[in-house]
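Numbering (the UniProt record's numbering), first residue to last: 1 to 489.
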């Protein structure tokens, strides 16, 4: 009996110790005395950054531990240890060095190793100098600007080049689904927030700096974890990256000891949203076409399915509006805010709809969404709803286009028919019952570009979703218009 009681006491003590959680050293947790607690494992890692060893110690949660990412070492680049006792990661790690048993080189071998490269470099230098004295040198000078073209159409060489190189190198060499989780966490935890640049129903958007580069940080509260997870999941879809879709960088959760913040890090565009841009600026005909074409290009890529082993599913946005489209320095657009997006699996013919109670913006909802006649079992229905919303965004842009010195003031769609925050019932009455659409001014008929844009809008606003244009058709029509107007979008 005594032996049985003793075993029971030992089991209770072990259970109490397990329920308390595992305590680990955390170099990033200065607010909690550099300790953290987890149900997973303690983690210590050393990596080579700019020629120097950088040590990180923290906790790894059970989901991260199951992903088998954090406990994996890479030869000569990272060394990682995971352990499962209190403060077991309080260890010193170093990257492996050259083996002490390697054979030593004698004086003759060293002399040959040093002399041969020096001679070859000297010969190469003399040949280069000789070549540059002739026509070859001048030819190279003329060709050099074409060789060193910037990576993007926006000439953003000085803003984000290092970070952009990192992202696009990984995209080109890997699956195209973004940076590895460990790199994302390292980037997110070394960002310095500068100032708040926007607020929404999800939380806040901040301008941040990472290693001297500008980034945007979308901060969700812990109650919106589902929205944060969904948006990060969509952004990391294979082959999603496109110049007219907001460039995703990293996602991470940050615990300051009081509450948990969920971060989504992306490229920073200082001009802000299309809504802000149109409120501040009047656009030319060429500027209008550039904005419209870039939106159509981004949406066409989003809607398109890419078939293959590294393919991309078709995606519908579900919340297209001027506040969810950003304007880049080159005055083209990038579609953002993919938290409500849906994905289509063509093989299984299934639609991945987020389990999120939030819906799109009522003002931009298609008629079939307002009167609840939309067939949510057909993926094309979601794409057609996006097209209706794009037609409204085009109307906002076209109103700010100056032709012959005439320009309309900025207004939201249906500004003269519904209040500033309309209900679904109010929108249904205007759009479905009365079948009203935003008015197209008569002066647009005097400009071919505005006349074409007006026709596109009408064909996006059909009550029958099947009759609306596709994103690809819109892109081709505006591309032809761009050639006629001699603009580069």
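Every residue, glycine too, gets a C-beta built ideally from N, C-alpha and C.
For the alpha helix (DSSP H) that contains residue i, what are its first and last residues?
i: residue 482; result: 471-485
i: residue 395; result: 379-399
i: residue 30; result: Unbroken run through residue 30: none, as it is neither H nor E.
i: residue 297; result: 285-303
i: residue 460; result: 448-460
i: residue 368; result: 367-370
i: residue 278; result: 274-280
For residue i and residue j, what's the separation of their Cα atoms in angstroms?
i: residue 518; j: residue 38; result: Since the first residue shown for the chain is 1 and the last is 489, residue 518 is missing from the structure and cannot be characterised.
i: residue 29; j: residue 220; result: 20 Å
i: residue 288; j: residue 398; result: 7 Å
i: residue 94; j: residue 64; result: 23 Å
i: residue 46; j: residue 216; result: 27 Å
i: residue 447; j: residue 461; result: 21 Å
i: residue 434; j: residue 468; result: 19 Å
i: residue 224; j: residue 204; result: 12 Å
i: residue 472; j: residue 381; result: 16 Å
i: residue 173; j: residue 280; result: Its pLDDT being 44, under 50, residue 173 is placed unreliably by the model, and the measurement read from it follows with that caveat. Roughly 40 Å separates the two Cα atoms.
i: residue 484; j: residue 284; result: 15 Å
i: residue 125; j: residue 212; result: 36 Å
i: residue 392; j: residue 66; result: 45 Å
i: residue 443; j: residue 403; result: 9 Å
i: residue 445; j: residue 454; result: 9 Å
i: residue 299; j: residue 335; result: 8 Å
i: residue 304; j: residue 413; result: 27 Å
i: residue 128; j: residue 115; result: 20 Å
i: residue 120; j: residue 111; result: 14 Å
i: residue 432; j: residue 290; result: 32 Å
i: residue 272; j: residue 123; result: 54 Å
i: residue 258; j: residue 419; result: 39 Å
i: residue 106; j: residue 33; result: 53 Å
i: residue 201; j: residue 323; result: 12 Å
i: residue 247; j: residue 439; result: 35 Å
i: residue 49; j: residue 214; result: 20 Å
i: residue 10; j: residue 58; result: Any reading at residue 10 must be qualified, since the residue scores a pLDDT of 45, below 50, and its modelled position is unreliable; no value is offered.
i: residue 345; j: residue 61; result: 30 Å
i: residue 331; j: residue 302; result: 20 Å
Below 8 Å on the Cβ atoms is my contact criterion, and I expect residue i with residue j to pass it. Report the Cβ-Cβ distance as a whole number of Å.
i: residue 401; j: residue 481; result: At roughly 13 Å, the Cβ-Cβ gap does not stay under 8 Å, so residue 401 and residue 481 are not in contact.
i: residue 394; j: residue 327; result: Their Cβ separation, rounded to whole angstroms, is 15 Å, which puts residue 394 and residue 327 out of contact at 8 Å.
i: residue 384; j: residue 465; result: 4 Å
i: residue 350; j: residue 321; result: The pair is not a contact, with the Cβ atoms about 27 Å apart (cut-off 8 Å).
i: residue 295; j: residue 390; result: 7 Å
i: residue 509; j: residue 365; result: Residue 509 falls outside the range modelled here, since the chain spans only 1 to 489, and no answer is possible.
i: residue 197; j: residue 210; result: The Cβ separation is near 16 Å, so there is no contact.
i: residue 266; j: residue 339; result: Contact doesn't hold; Cβ gap of about 13 Å is too wide.
i: residue 386; j: residue 317; result: 5 Å
i: residue 24; j: residue 87; result: 6 Å
Going by other Cβ atoms of all chains shown within 10 Å of its Cβ, with 16 needed for buried, is residue i buried or exposed?
i: residue 26; result: buried
i: residue 292; result: buried
i: residue 249; result: buried
i: residue 376; result: exposed
i: residue 145; result: Confidence at residue 145 is low in this model, with a pLDDT of 31, below 50, so the placement of that residue should be treated as unreliable; the coordinate-derived value is given next. So residue 145 counts as exposed.
i: residue 458; result: exposed
i: residue 108; result: exposed
i: residue 42; result: buried
i: residue 90; result: exposed
i: residue 240; result: buried
i: residue 379; result: buried
i: residue 474; result: buried
i: residue 437; result: buried
i: residue 84; result: exposed
i: residue 40; result: buried
i: residue 359; result: exposed
i: residue 342; result: buried
i: residue 452; result: buried
i: residue 192; result: exposed
i: residue 130; result: exposed
i: residue 354; result: buried
i: residue 477; result: buried
Can you name the start and end residues of the beta strand (DSSP E) that residue i belongs to?
i: residue 344; result: 342-345
i: residue 331; result: Residue 331 -> no beta strand (DSSP E), and no H or E assigned at all.
i: residue 53; result: 52-60
i: residue 427; result: Premise fails: residue 427 lies in the alpha helix (DSSP H), 424-428, not in any beta strand (DSSP E).
i: residue 48; result: 41-49
i: residue 326; result: 325-327
i: residue 352; result: 350-352
i: residue 79; result: 78-83
i: residue 314; result: 314-316
Can you check the stretch 199-269 for any alpha helix (DSSP H) of at least 4 residues that lies completely inside it and give the ranges in chain order?
-> 225-235
Which full runs of the beta strand (DSSP E) of 3+ residues lie inside the stretch 113-137, going along the chain?
-> none
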